[in-house]
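Student: Once you've had a glance at the structure underneath, I'll fire off some questions.
In the numbering used here, the protein residues as written are 177 to 415.
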């Protein structure tokens with residue numbers, strides 16, 4: 177979720193190297209990065225999500241490793257991800273990856289892992305229009321196979337030098353249809369502000385990104401219709 181200038185990269189909650197498991201090409205950027213984040217869900221002490229990762233690039237090739245944990249020491253869902261992306265032409269980039277999802281519960285010290293592959297691409301129509309498409313398998317279900325069955329499509333449109341919009345559609349066999357609209361404002365070269373409105377049970381998110389020479393900070397605030405407010409703080413070191 178730590179992002180570059182919105183003219184080169186859409187600044188929104190799901191389109192960033194922290195979420196490259198949706199689409200590996202989200203990890204494409206101009207700098208190497210090491211990042212971490214902590215999120216508290218709905219002000220519940222026992223529900224803290226953590227993420228750490230590192231992203232490398234060399235000659236239009238990008239490699240990302242990431243670990244996420246949702247829960248606490250007594251019960252948690254863990255996700256280890258690795259993805260590789262490559263810029264094939266000025267207009268086309270593609271990537272693929274895999275993730276291992278496993279659970280741990282204090283009362284049952286068993287290890288039951290699931291491997292989930294994912295794939296994605298981006299197509300740049302021109303400077304102002306970029307399209308993204310990916311197949312992934314984000315949600316866990318005991319009745320669900322590991323085959324990617326979730327389709328994610330996005331369209332980013334740069335309206336002016338300081339404002340752009342982003343439209344996202346997610347659907348799948350085990351996932352309800354979700355429609356997202358983002359407004360992205362860059363009042364300063366180092367500051368990005370993003371408002372997301374969507375059709376899910378968490379209809380509103382607000383994201384603030386601030387960038388210095390080697391650091392980026394992100395603050396994300398989200399609202400769930402039934403559960404309440406979530407807050408996330410992320411820090412990345414770029415080199």
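From the three backbone atoms N, C-alpha and C, an ideal C-beta is built for every residue, glycine too.
The structure displayed is predicted, hence computed values, not measured ones.
Kindly list the residues whose CB is nearer than 7 Å to the CB of residue 373, restricted to its own chain and excluding five residues on each side of it in sequence; keep chain order.
Tutor: If we look at residue 373 and ignore the five residues flanking it on each side, its Cβ neighbours are 357, 379 and 380.
Student: In angstroms, rounded to a whole number, what distance separates the CA positions of residue 243 and residue 222?
Tutor: Those two C-alpha atoms are separated by around 19 Å.
Student: For residue 198 and residue 283, what's the separation of their Cα atoms in angstroms?
Tutor: C-alpha separation (whole angstroms): 32 Å.
Student: Taking the DSSP output, what are the residues bridged to residue 293?
Tutor: Answer is 274, bridged to residue 293.
Student: Once DSSP output is grouped into helix, strand and coil, what is the label at residue 202?
Tutor: Three-state result, residue 202: helix.
Student: What residue does the beta strand (DSSP E) around residue 346 start on, and which one ends it?
Tutor: Note, residue 346: beta strand (DSSP E), 339-348.
Student: By alpha-carbon positions, which one of 347, 324, 314 and 393 ends up nearest to residue 330?
Tutor: If we check each option's Cα against that of residue 330, 347 comes out closest.
Student: Do residue 229 and residue 257 have their CB atoms nearer than 9 Å?
Tutor: Against a cut-off of 9 Å, the Cβ pair of residue 257 and residue 229 comes out as a contact.
Student: Have a look at 201, 249, 205 and 200 and flag the residue whose alpha-carbon is nearest the alpha-carbon of residue 224.
Tutor: Checked all of 201, 249, 205 and 200; the closest Cα to residue 224 is 249.
Student: When the Cα atoms are used, what is the spatial distance from residue 251 to residue 336?
Tutor: So the alpha carbons of these two residues sit roughly 46 Å apart.
Student: With 16 as the cutoff for other CB atoms within 10 Å, does residue 398 come out buried or exposed?
Tutor: Residue 398 is buried by the Cβ-count criterion.
Student: Please report the straight-line C-alpha distance between residue 351 and residue 326, rounded to a whole angstrom.
Tutor: Each residue's alpha carbon lies about 7 Å from the other.
Student: Give the DSSP-derived three-state secondary structure of residue 384 in the structure shown.
Tutor: It is a strand residue.
Student: Return yes when the Cβ of residue 268 is within less than 9 Å of the Cβ of residue 300, no when it is not.
Tutor: Yes, the pair counts as a contact, with Cβ atoms nearer than the cut-off.
Student: Within 10 Å of its beta-carbon, does residue 276 have 16 or more other beta-carbons around it, so buried, or fewer, so exposed?
Tutor: Residue 276 should be labelled exposed.
Student: By the 10 Å Cβ neighbour count, where 16 or more other Cβ atoms means buried, how is residue 217 classified, buried or exposed?
Tutor: Its Cβ being crowded by 16 or more others within 10 Å, residue 217 is buried.
Student: Please classify residue 393: does DSSP put it in a helix, a strand, or coil?
Tutor: DSSP places residue 393 in strand when its eight states are reduced to three.
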